[in-house]
Amino acid sequence: MVTVVGVRFKKAGKIYYFDPDELPIQIGDYVILETVRGIEFGEVVVGKKQVSENEIVAPLKKVLRIATKEDIEHYNNNKENEAEAFNICLEKIKEHGLEMNLIDVEYTFDNNKIIFYFTADGRIDFRELVKDLATIFKTRIELRQIGVRDESKIIGGLGPCGRPLCCSTFLGDFEPVSIKMAKDQNLSLNPTKISGICGRLMCCLKYEQDVYESIRSELPKVGSIIMAEEKEMKVAEVDVIRRKLKVKMKNADGIEIFKEYDPEDVTVIEEKSEEPDEENLIVDEIFEDDFIK
251 MVTVVGVRFK KAGKIYYFDP DELPIQIGDY VILETVRGIE FGEVVVGKKQ VSENEIVAPL
311 KKVLRIATKE DIEHYNNNKE NEAEAFNICL EKIKEHGLEM NLIDVEYTFD NNKIIFYFTA
371 DGRIDFRELV KDLATIFKTR IELRQIGVRD ESKIIGGLGP CGRPLCCSTF LGDFEPVSIK
431 MAKDQNLSLN PTKISGICGR LMCCLKYEQD VYESIRSELP KVGSIIMAEE KEMKVAEVDV
491 IRRKLKVKMK NADGIEIFKE YDPEDVTVIE EKSEEPDEEN LIVDEIFEDD FIK
């Protein structure tokens, strides 16, 4: 077991583990760390705890120090400079006539690099833009093309539910979301009903999926043959939330009706095997956000 603390570099960003190195670190402290991008400023969101070695990325880097008043002032100054750099980059993009949308600007804490995040429909030749920016800022310039999910995470906004976007408030990682999840939850497959403002399937489809899968595994599938009231019948619908089975049958007048049964009151004679189809296997596109801390 290894002692670590969890650090975030951005609001709702990924949590990275670091070695506290016997420093009196508490949740909420700002710390200075060494990362692959250089010296960084982060906030401790997970206090000291023991984790297994397979949960960390070796080599585990140490926290250099708890941030001083000067460190915090420097970080705040960088944030102010980012706003200025954003406007300058917008002007240069316009000058070069580049079809790209600037989303965010980030200074590394040691000011060795400025990262510009943008979206575009395809590949962009921004070599001349980088030269201009390097001349202005006298430091390393990096342009990162990101996806629509990452764009929503950075900009924020309100989701179809009326609440602030999950990705910009608490989701550290994007998880794969598929059409099958909407089907399992009996949701409308209308894209406008199950898509977020990013245009991708809503991340919240994943929240209850494990519960639906667990309950469905205990119930007969649609199309299965069951025995109830000494009659054989086929399952027409499964109500996961109410844990009910619906079957189609004819009444005394020969009219087709639906009747509900509890799973405990039926016997499964023939279980239908669920065959995957191409539509169920379509997984929504995910853009990794390793570079967006």
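Remember, the numbering used here sits 250 above the position in the sequence shown when you count from 1.
Yeah, the Cβ is synthetic: ideal placement off N, Cα and C, and Gly gets one too.
DSSP three-state call for residue i: helix, strand or coil?
i    : result
L273 : coil
R413 : coil
Y280 : strand
K509 : strand
K312 : strand
E293 : strand
D354 : strand
K494 : strand
M452 : coil
S445 : strand
E520 : strand
L531 : Legend: pLDDT at L531 = 42, less than 50; position of this residue unreliable, value from coordinates given subsequently. DSSP places L531 in coil when its eight states are reduced to three.
How many angstroms separate the CA atom of residue i from the CA atom of residue j?
i    : j    : result
C417 : V398 : 12 Å
D434 : P410 : 20 Å
E392 : L437 : 42 Å
K522 : A486 : 12 Å
S440 : I429 : Inspection of the sequence shows that residue 440 is occupied by Asn rather than by Ser. If I take the Cα positions, the gap works out to 11 Å.
R394 : V380 : 11 Å
A225 : E345 : In the structure as shown, the chain begins at 251 and stops at 543. Residue 225 is therefore absent and cannot be evaluated.
K471 : E479 : 19 Å
I465 : K456 : 15 Å
L415 : I444 : 14 Å
I396 : D512 : 49 Å
Y357 : D375 : 22 Å
G407 : K500 : 51 Å
P426 : G446 : 14 Å
L273 : A317 : 12 Å
R373 : I338 : 22 Å
K261 : L469 : 41 Å
I404 : D515 : 52 Å
K239 : I277 : Residue 239 is absent from the structure shown; the chain starts at 251 and stops at 543.
L340 : T285 : 29 Å
I275 : G256 : 11 Å
E520 : G473 : 9 Å
D460 : C454 : 12 Å
I364 : R450 : 29 Å
F349 : E506 : Reading off the sequence shown, one finds Glu at residue 349, where the question assumed Phe. Each residue's Cα considered, the two are about 59 Å apart.
R492 : Y462 : 11 Å
E303 : P270 : 15 Å
F420 : R258 : 11 Å
H324 : K388 : 18 Å
A333 : V252 : 39 Å
My understanding is that residue i touches residue j, with C-beta atoms under 8 Å, so please give their C-beta distance in whole angstroms.
i    : j    : result
Y267 : L314 : So it is not a contact: roughly 15 Å between Cβ atoms.
T517 : M452 : Wrong, their Cβ atoms sit about 38 Å apart, outside the cutoff.
K299 : V254 : 7 Å
F368 : I386 : Between I386 and F368 the Cβ distance is about 17 Å, and since that is not below 8 Å, they are no contact.
I265 : V295 : 6 Å
F336 : F291 : Not really, about 19 Å apart at Cβ, beyond 8 Å.
K342 : D371 : Not really, about 20 Å apart at Cβ, beyond 8 Å.
G422 : G263 : 6 Å
K496 : D503 : At roughly 20 Å, the Cβ-Cβ gap does not stay under 8 Å, so K496 and D503 are not in contact.
K494 : F508 : Contact doesn't hold; Cβ gap of about 11 Å is too wide.
G288 : N362 : 5 Å
E401 : C448 : 7 Å
Would you say residue i lies against chain B (beta-carbon separation less than 9 Å)?
i    : result
P426 : Looking for chain B here will not work: only one protein chain is present.
Start and end of the alpha helix (DSSP H) containing residue i?
i    : result
N337 : K319 to H346
R399 : V398 to I405
F387 : R377 to F387
V461 : Q459 to E468
T358 : Taken as a continuous stretch (DSSP letters only), T358 belongs to no alpha helix (DSSP H), as it is neither H nor E.
A262 : That residue, A262, is in no alpha helix (DSSP H); it is neither H nor E in DSSP.
I306 : Per DSSP, I306 belongs to no alpha helix (DSSP H) and is neither H nor E.
I429 : I429 to D434
If I follow the unbroken beta strand (DSSP E) through residue i, where does it start and stop?
i    : result
M483 : K481 to D489
K363 : K363 to T369
I476 : I475 to A478
I391 : R390 to Q395
R258 : V252 to R258
F420 : Note, F420: premise wrong, no beta strand (DSSP E); not H, not E.
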